[in-house]
Amino acid sequence: MVALLLPSGATAQGMPVYDNTNFISLVKSLVESAKQTSQLIKSVKFLKDAKEAIEKVSSVVQQLRAVEEIAQNNQRLINIMQNDLQDILNSPYIKPEEVTRVAESFDAIVQNSLDTVDFMSEILSSDNLKMSDAERAKVLKQKEKESKEMVSNIHTRTKRYKDIISFRKMQDKINNRETEY
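Set out below in structure tokens:
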């Protein structure tokens, strides 16, 4: 008898249930993500300062292509951190629990880059290490290779996260499309 009173296309709609525990966890996760994003921004500033310090060094070793390549790679990392990372972290298609993982994976690459810059500063100061220019060039070539790998790694991660966002966006459109034609 009740079925006769309902329109033929009627469906029940559920009411979302909110669990305060999950909400608190979400807030904690977002606060932690904000802290990590803040730390990443500080790392970007440090990389910029380090790049400027490297540019000020005037020695034969600085003329070496490896130093220039490392500086360019660090600039690429800075650009990616400023542009792509913020887009990824601010995307509604990245879940709050994933924000921490994304930030940590980028942070590891940035930390490696900072270590490279510190090491280069030591190598380029003629007072610190008693190395010949040939020895320094060899070490810098190795650091250049590592720097290229870092840029490749961050490009791969950025592309992967953008692909995830794109997939979830498409999935959202499919799941929320109108079914009545």
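Residue numbers for the sequence shown, in the working numbering: 1247 to 1427.
Think of the CB as a built atom: it goes at the ideal place given N, C-alpha and C, for glycine as much as any other residue.
Extent of the continuous alpha helix (DSSP H) run through residue i
{"i": "P1342", "result": "P1342 to L1370"}
{"i": "L1335", "result": "Q1332 to N1336"}
{"i": "E1424", "result": "Element bounds for E1424: n/a, residue is neither H nor E."}
{"i": "N1320", "result": "R1311 to I1326"}
Residue i in three-state terms, based on DSSP
{"i": "K1376", "result": "coil"}
{"i": "S1304", "result": "Its pLDDT being 46, under 50, S1304 is placed unreliably by the model, and nothing is read from it."}
{"i": "Y1339", "result": "coil"}
{"i": "L1250", "result": "Unreliable positioning characterises L1250 in this predicted model, as indicated by a pLDDT of 49, which lies under 50. The coordinate reading is nonetheless provided below. Of the three classes helix, strand and coil, the one that applies to L1250 here is helix, per DSSP."}
{"i": "I1411", "result": "helix"}
Cβ-heavy atom distance, residue i to the ligand FMN, below 7 Å
{"i": "I1287", "result": "The ligand FMN is not among the ligands present in this structure, which contains no ligands whatsoever."}
*Spell out a yes or no on whether the segment 1334 to 1349 and the segment 1375 to 1395 are touching, meaning 3 or more CB-CB pairs, one atom from each, closer than 8 Å.*
no
_Validate contact between the segment 1318 to 1338 and the segment 1280 to 1298 using beta carbons, cut 8 Å, 3 pairs_ = yes
*Contact between the segment 1345 to 1364 and the segment 1390 to 1403: three or more CB pairs below 8 Å?*
yes
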